[in-house]
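Written out below as structure tokens is the structure these notes cover.
In the working numbering, the protein residues as written are 108 to 308.
Structure follows, in structure tokens:
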């Protein structure tokens, strides 16, 4: 599960590297979207930068995090990658409207409501797989989750489906490759926990 994450200037710089191959007009559109990024935590129902496909290339745009729920104000902000393709709410989006959510790190809470921060040890940004759909007020996205690997499991049983940088464009643009990526095991992540005491002995 992923209910909050963080973006910053480094996130914007890494996104810029990925959108350079788009044509001039699309690249300009992405640059305008990147200029809106500021260091902040992102929560469900907020607008956030995502990487999406357009004209056969990857570009950056802003979408709202969370699909409207079925009970008034409820918001659906995650989808299980194991079953999303079978659900009416997510199926078409998984097949035709895949996106990537870039973040510096994400947060997760254990059963005692203690917060941990998860990040990549080998890169300044992590890329979370997602999908989107259009509503009357614009595009909304959800983050896909999978079973937690060894780095996240001590805190929570689910985690975002983390992509390698080289998987970003295939996930967004290539239906055949996306099917394989959907079943991958994410890389191990680093973890910081405010509640854990460090042993100095």
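Note that beta-carbon positions come from the ideal geometry of N, C-alpha and C, so glycine has one too.
Item                                                                                                                                          : Value
Which residues mark the beginning and the end of the beta strand (DSSP E) in which residue 267 is found?                                      : 265–267
With DSSP run on the structure shown, which of helix, strand or coil describes residue 221?                                                   : coil
Do the region 255–266 and the region 138–148 touch if we need at least three Cβ pairs shorter than 8 Å?                                       : no
How would you write the range of the beta strand (DSSP E) that residue 203 sits in, first residue to last?                                    : First-last for residue 203: 198–203, but that is the alpha helix (DSSP H), not the beta strand (DSSP E).
Buried or exposed for residue 219, going by 16 or more other Cβ atoms inside 10 Å?                                                            : exposed
Determine the direct distance from the alpha carbon of residue 159 to that of residue 281, and round the result to whole angstroms.           : 12 Å
Taking the DSSP output, what are the residues bridged to residue 299?                                                                         : 224
Check this for me: beta carbons of residue 249 and residue 174, under 8 Å apart or not?                                                       : yes
Helix, strand or coil for residue 180, going by three-state DSSP, please let me know.                                                         : coil
Nearest to residue 112 by alpha carbon, out of 210, 152, 200 and 256?                                                                         : 210
What separation, rounded to the nearest whole angstrom, lies between the Cα atoms of residue 223 and residue 122?                             : 25 Å
Pop quiz: residue 125 and residue 191 are said to be a contact at Cβ under 8 Å. What is the actual Cβ separation, rounded to whole angstroms? : No, residue 125 and residue 191 are not in contact; Cβ-Cβ is about 24 Å, not under 8 Å.
Would you kindly work out how many angstroms separate the C-alpha atoms of residue 233 and residue 273, rounded to a whole number?            : 12 Å
Please say whether residue 235 and residue 268 have beta carbons closer to each other than 8 Å?                                               : yes
Is the Cβ-Cβ distance between residue 245 and residue 170 less than 8 Å?                                                                      : yes
Cβ atoms of residue 206 and residue 237: under 8 Å apart, would you say?                                                                      : yes
Using only alpha-carbon positions, find the residue among 135, 153 and 297 that is nearest to residue 213.                                    : 297
For residue 170, report the span of its alpha helix (DSSP H) as first-last.                                                                   : Note, residue 170: premise wrong, no alpha helix (DSSP H); beta strand (DSSP E) at 164–172.
To the nearest angstrom, report how far apart residue 306 and residue 227 are at their CA atoms.                                              : The pLDDT assigned to residue 306 is 37, lower than 50, so where the model puts this residue is not dependable; a value taken from the coordinates is nonetheless given after this. Cα to Cα, the separation comes out at about 23 Å.
Nearest by alpha-carbon distance to residue 200: which of 285, 110 and 300 is it?                                                             : 285
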